[in-house]
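Single-structure report; data block below.
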Amino acid sequence: MAIFSSSKFFRSTGRALGWLLLALSLGAPAQAAKDPFEYQVKATFLFNFLQFVEWPATATQPGAPYIIAVAGEPAYLEAIAAVVNGERIGDRPILVRPWAAQTRCHLLFVSDQAPVPSSGWPQTVHDQPILLVGETADFCANGGMIGFIYDQGRVRFEINAPAAAAVGLKLSSKLQRLGRAVTTRKGD
19 MAIFSSSKFF RSTGRALGWL LLALSLGAPA QAAKDPFEYQ VKATFLFNFL
69 QFVEWPATAT QPGAPYIIAV AGEPAYLEAI AAVVNGERIG DRPILVRPWA
119 AQTRCHLLFV SDQAPVPSSG WPQTVHDQPI LLVGETADFC ANGGMIGFIY
169 DQGRVRFEIN APAAAAVGLK LSSKLQRLGR AVTTRKGD
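Going from the sequence shown to this note's numbering is simple: count from 1 and add 18.
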């Protein structure tokens with residue numbers, strides 16, 4: 019892909035990696051689980067995740083916005099939107115929207131307050147090239163792609179790269195090195 023050979027891409031990727039590392043170092047304290055600051059930190063992660071994923075050509079149009087859908091409490095959507103709406107990745111704006119079954123998006127963030135569909139979140143977006151990010155325990159082990167976890171009182175993340183690859187998403191090796199690798203449990 020031509021974008022990967024441009025020095026502009028590498029400068030912006032380096033900047034995004036720097037922001038991601040900063041978010042990892044700051045984190046949000048675990049005891050502030052429902053603090054809006056936690057969702058500001060997670061919004062920074064979500065913004066950076068978008069920069070380290072390649073979607074199939076059929077999932078996106080040049081210049082079209084990246085859409086982050088949020089399943090869960092409206093307050094979480096508002097906190098994430100306050101950080102991310104209006105930001106851009108290259109020539110593409112980023113928009114935050116509430117999740118509904120027909121929402122077309124690039125990234126679906128599932129809060130711990132979102133009702134779990136009877137079939138589970140991975141089956142709800144089955145075979146769609148949507149980066150599925152959540153914050154419940156064992157999110158990645160249950161088929162999610164990126165799961166927020168707490169490690170030593172800080173927000174961190176784990177990655178289920180095979181789940182992302184199964185729907186045609188390519189996760190950057192830089193992103194994979196920053197997260198803890200997890201795979202889907204068999205037989206659940």
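Virtual Cβ for every residue (Gly too), placed ideally from N, Cα, C.
Distance between Gly90 and Phe127, taken at the CA atoms: about 9 Å. Per DSSP, the beta bridge partners of Tyr168 are Val173. Here Ile98 carries a helix assignment [DSSP, helix/strand/coil]. Of Ile164, Gln170, Gly171, Tyr168, the smallest CA-CA separation from Phe70 is found for Ile164.
When rounded, the separation of the alpha-carbon atoms in Leu113 and Val59 is 17 Å. Here His144 is exposed. Its C-beta has fewer than 16 other C-beta atoms within 10 Å.
With contacts defined by Cβ atoms closer than 8 Å, Leu125 and Val151 form a contacting pair.
Of the other Cβ atoms in all chains shown, fewer than 16 fall within 10 Å of the Cβ of Pro116; this residue is therefore exposed.
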